[in-house]
Amino acid sequence: MSQLQTLSVTRRATGIAQVAMARPAVFNAFDEVMIAELDAVFAELGADPAVRVIVLAGEGKHFSAGADLKWMQRASAASREWNLDDARRFAAMLSRIENCPKPTLARVQGAALGGGVGLACVCDIAIAADNASFAVSEAKFGILPAVIGPYLTNAVGKRQALRLALTTTRIAAPEALAIGLVQQVVALDQLDAAIDATVKELLVGGPNSQREIKALYARFEVGEVTPKVRELTAQTISRVRGTDEAREGFAAFLGKRPANWISE
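All you need for the numbering used here is the position in the sequence shown, starting with 1, plus 172.
Written out as structure tokens, the structure is:
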């Protein structure tokens, strides 16, 4: 991995990689450089067979203040073409994280604002400290949460997403939990333990089965289960049942031993 300017990446022997946004002086606000580095790092870790789980974190007191305002100020003075290319790079980075074949966790403490909320939404699981707060604040600056909008809507539903975007209200961790923006809230001093507990649960599942789950569930929509969807699910499970990982999983269960992907 090349020299990083805005991120710190650490790996554990158990297959866990933590990607920490490392601009605490500006509350981990992101700009063109961090966007490019997040995209590249998640591409590399997602393709690395030694990595099982990726944790996205922010150094210091806050998870992420969203877009760096100096970056946004530069954008407001740039051409339409420059802004379109810039927005496409941001959209590609969020898609990269959401479509990462490995399970992803957001470790959220302090403030998550604007695009920082988007980063929490694109991770599979978001665990927040009880001091966390969330605001979709773009309208305060005369812009809108466009690129993060689909991910926010998928996480909390359209009406809650509209409320957050239109009012720019800041909500505390308990409300974020209630509307589905995060899936767990713990005391700040228990945040790492909660992350570790979820990682331990994730490591029990087969890496190929988790990759298949993410790919299949990305194609689901809330609503009618149509014949096309039923056929997709039947085709998927029939194919996966014949894999080496599936044979090992059943053999391990029947043999009352850990599967070969579980570290002792």
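Beta carbons are placed, not taken as given, at the ideal position from N, Cα and C, and that holds for glycine.
message = Quick check: what's the CA-CA separation for Gln362 versus Arg252?
response = Take the alpha-carbon of Gln362 and the one of Arg252: they are about 45 Å apart.
message = Going residue by residue through the stretch 247-331, where are the continuous alpha helix (DSSP H) segments of at least 4 residues, counting only ones entirely within it?
response = Listed in chain order, the complete alpha helix (DSSP H) runs (minimum 4 residues) inside the stretch 247-331 are 252-270, 287-294 and 321-328.
request  = Go through its chain and collect everything with a Cβ distance to Gln177's Cβ below 6 Å, but skip five positions before and after it.
outcome  = Val205
query = From Ile207, Thr370 and Val294, pick the residue whose C-alpha is nearest to that of Pro273; which is it?
reply = Val294
With 16 other Cβ atoms within 10 Å as the buried cut-off, status of Asp296 = buried
message = Determine whether the beta carbon atoms of Ala366 and Ser305 lie at a separation below 9 Å.
response = no
ask   = Of all the options Ser435, Ala212 and Glu231, which has the alpha carbon lying nearest to the alpha carbon of Arg261?
value = Ala212
request  = Please report how far the alpha carbon of Asp240 lies from the alpha carbon of Ala298, in whole angstroms.
outcome  = Cα-Cα distance, rounded: 22 Å.
ask   = Roughly how far, in whole angstroms, is the beta-carbon of Ala307 from the beta-carbon of Leu285, given that I think they are within contact range, below 8 Å?
value = 5 Å
request  = Using a threshold of 9 Å, state whether the C-beta atoms of Phe202 and Gly232 are closer than that.
outcome  = The answer is no: Cβ separation not under 9 Å.
query = Do the stretch 376-389 and the stretch 416-430 meet, that is, are 3 or more Cβ pairs less than 8 Å apart?
reply = yes
key: Three-way DSSP call (helix, strand, coil) for Leu353 in this model   = Of the three classes helix, strand and coil, the one that applies to Leu353 here is coil, per DSSP.
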